[in-house]
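Sequential numbering from 13 applies to the sequence shown in the working numbering.
The block underneath contains the structure these notes are about, expressed in structure tokens.
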Amino acid sequence: MNDLTINTATDVDLPAPFAGRHLIDGKWIEGAETFERVSPSHGTVVSISAKGDEAVTEQAIGAARTAFAAGTWSRMSGKERAAVLLKTADLIEANVERIAVFETLESGKPIAQSRGEVGGAADLWRYAASLARTAHGDSHNTLGEDMLGVVLKDPIGVVSIITPWNFPFWILSQKLPFALAAGCTVVVKPSEMTPSSTVMMGELLLEAGLPAGVCNIVLGYGHPVGSLMSSHKEVDMVTFTGSTAVGKLITQAASGTLKKVALELGGKNPQVICPDADLDSAADAVTFGVYFNVGQCCNSSSRIIVHEDIAEDFVARVVALSRKVRFGDPMDPETQVGAIVTADHNAKIDAYVRAAVEDGARLELGGGVLPVDGLGDQFYQPTILSGVSPDMAIAREEVFGPVLTVLTYRTLDEAIALTNDSSYGLSAGIWSENIHTCLEFARRAEAGTVWSNTWMDGYPELAFGGVKQSGQGREIGRYGFEEFLEVKSLVMRVGRSRTPWVQQEG
Ligand code: NAD
């Protein structure tokens, strides 16, 4: 008996299925075919969406190219672009509840986390609006008396945006407002599992006054929609968030035209717990880090590296907290751990846990599918595995579920070596009261983000992204914005002193 805190089915009225259509050149387009998304928690049809094919993808890319060339957005002033982005932010805030309900029903994540995701995204739009007005290159006034050099920043052009199912609205908002702030036009493809919140974003953009053709949306699957968006000659850049395996396919597809590729991929993110840490805060942050978004989070702290002197005590603290985490109906505002996105994925999580136990790991909590009364069985118990060795699959691969893996260390060098012993490098964390320990870890950890005495805090101002097989390029912050800008050098003679190359006779 695990003594978990279970929230059984609440009595809520579910909305009628959302009808998702493509958005092309400012018009909503029905699909010749459609596909359904069934709620992982409630088993009902949440949305029926147009299913994109090659022809509709071509149309969307064509509309983005035409709009870019027309310059109605790409040559508009930063002030005017910012006004549209700010209006969108206001509209997002006014529509949080509607969007969040569909986000939860399509993904299985708790409604409180959907509300936080959607409401919080408005700030990304506001920050991007500030960048639209402050984009600039630089000038060189030291090139000689008659010369002036100016480095201009231009929008990169047509951008394909391909997003995953785990944070559909947030990840779209990490990309789209920044691409728009830069003056790009876009084609967006959300995951086939969570299409609705992206369509709702399209509605808000039209209401905010975004010109037709600037943001086009195609619904459907990786093939043929995503692959064509990655290979098409009229696309200048692909920005993708998803699995490392698909990221590699996108890089291959993009290589035919050498388009720019930005990738935000998987992670196997460690938190190192030192003996001098504030163990209450660390245990709470580890519990949050592994169960947030049902563990289906690129930043999940799915492995912790604990000093061996405190490992037993620390694991006991995390187990005790995990029992109090509210698990069950995602539509219950109190729920903290909801449903798993698909039955196949639930089985995959279970297979990882079973293999680890067979290889000698100790199950401290959970370890199995757990049906929730009044809902289905697409739920996985909060699970903690200790006695894990660094070579086990569960210590190396992205499980993408509510499963914590515990490793131990003796010296800081050993903890850093374990941290870096991974093909991933998205994020890493350290818990210690000694600033020198934290700084040494931060400087040596191979990760795009390092957290010290906290976990998963992020701000629109700070760049986000991974090293190694966690990705390439950066998102949000000024660095993320710059990804959507091309650099052009303008060299000007401003005097009359040029020495002719060809000497004229007489
Ligand atoms: P996925 O790679 O299966 O799918 C992501 C998107 O790619 C979907 O829209 C899908 O339809 C599309 N796609 C599939 N095949 C394609 C192809 N051949 N060409 C073009 N597009 C294709 O990922 P997922 O299961 O939706 O999301 C989970 C993964 O995303 C995890 O690995 C997670 O770590 C990662 N992720 C990373 C970050 C980050 O910022 N680093 C954030 C969230 C999720």
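Yeah, the Cβ is synthetic: ideal placement off N, Cα and C, and Gly gets one too.
Element boundaries [beta strand (DSSP E), containing residue i]
i      : result
Leu397 : Thr395 to Ser398
Thr46  : Thr46 to Val50
Phe493 : Here Phe493 belongs to no beta strand (DSSP E); instead the alpha helix (DSSP H) covers Gly489 to Glu494.
Gln283 : Pro282 to Ile285
Gly340 : Arg338 to Gly340
Phe30  : Phe30 to Gly32
Ser293 : Looking at the DSSP string, Ser293 is not in any beta strand (DSSP E); the run it does join, the alpha helix (DSSP H), is Leu291 to Tyr303.
Gly161 : Met159 to Pro167
Val273 : Lys272 to Glu276
Asn228 : Cys227 to Ile229
His148 : First-last for His148: undefined, no H or E at that position.
Ser61  : Val57 to Ala62
Ser172 : Val170 to Ile174
Thr17  : Thr17 to Asn19
Met504 : Leu497 to Arg505
Leu377 : Arg374 to Leu377
Ile41  : Lys39 to Ile41
Thr197 : Thr197 to Lys201
First and last residue of the uninterrupted alpha helix (DSSP H) at residue i
i      : result
Asp568 : The chain is shown only over 13 to 518; residue 568 falls outside these bounds and no answer can be derived.
Lys245 : Per DSSP, Lys245 belongs to no alpha helix (DSSP H) and is neither H nor E.
Lys187 : Pro180 to Ala194
Glu70  : Glu66 to Ala82
Glu215 : Ser208 to Ala220
Thr263 : Thr256 to Ser267
Check: residue i C-beta below 8 Å from any heavy atom of the ligand NAD
i      : result
Pro202 : yes
Val170 : no
Leu438 : yes
Tyr233 : yes
Pro414 : no
Asn178 : yes
Met241 : yes
Ile361 : no
Cys310 : yes
Glu410 : yes
Glu487 : yes
Ala8   : Residue 8 is absent from the structure shown; the chain starts at 13 and stops at 518.
Leu524 : Here the chain has residues from 13 to 518 only, and residue 524 is not among them.
Ser267 : no
Met205 : yes
Ala193 : no
Ala405 : no
Ser293 : no
Phe476 : yes
Phe181 : no
Lys257 : Before going further, note that residue 257 is Ala rather than Lys in the sequence given. Yes, the Cβ of Ala257 comes within 8 Å of a heavy atom of the ligand NAD.
Phe326 : no
Thr100 : no
Thr253 : yes
Glu115 : no
Gly523 : Examination of residue 523 is not possible in this model, given that the chain is present from 13 through 518 alone.
Ile174 : yes
Ile531 : Nothing can be reported for residue 531: it is not among the residues displayed for the chain, which extend from 13 to 518.
Leu419 : no
Leu136 : no
Gly483 : yes
Ile396 : no
Glu445 : no
Glu276 : yes
Ile60  : no
Ile229 : no
Ile262 : yes
Contact belief for residue i with residue j at Cβ below 8 Å, rounded distance in angstroms
i      : j      : result
Gly350 : Ser86  : The Cβ separation is near 41 Å, so there is no contact.
Thr20  : Arg335 : Incorrect: roughly 17 Å between the Cβ atoms, too far for contact.
Val365 : Val415 : 6 Å
Thr206 : Trp177 : 4 Å
Ala220 : Lys121 : Not confirmed; about 26 Å, so no contact.
Ser313 : Trp443 : Not a contact, Cβ separation roughly 11 Å.
Gly278 : Glu410 : 4 Å
Gly32  : Ala75  : Going by Cβ atoms, the distance from Gly32 to Ala75 rounds to 18 Å, so no, they are not a contact pair.
Val337 : Pro394 : 6 Å
Trp137 : Leu164 : Rounded, the Cβ-Cβ distance is 25 Å, inconsistent with contact.
Ala188 : Val200 : As written in the sequence, residue 188 is Leu, which differs from the Ala given in the question. Right, the Cβ-Cβ distance comes to about 7 Å (below 8 Å), so this counts as a contact.
In chain order, which continuous runs of the alpha helix (DSSP H) of length 4 or greater are located wholly inside the segment 384-444?
405-408 and 424-432
Which residue spans inside the segment 455-485 form an unbroken beta strand (DSSP E) run of at least 3?
461-464
For the segment 89-127, which segments carrying the alpha helix (DSSP H) assignment without a break, of at least 4 residues, lie completely within its bounds, in sequence order?
90-106 and 108-119
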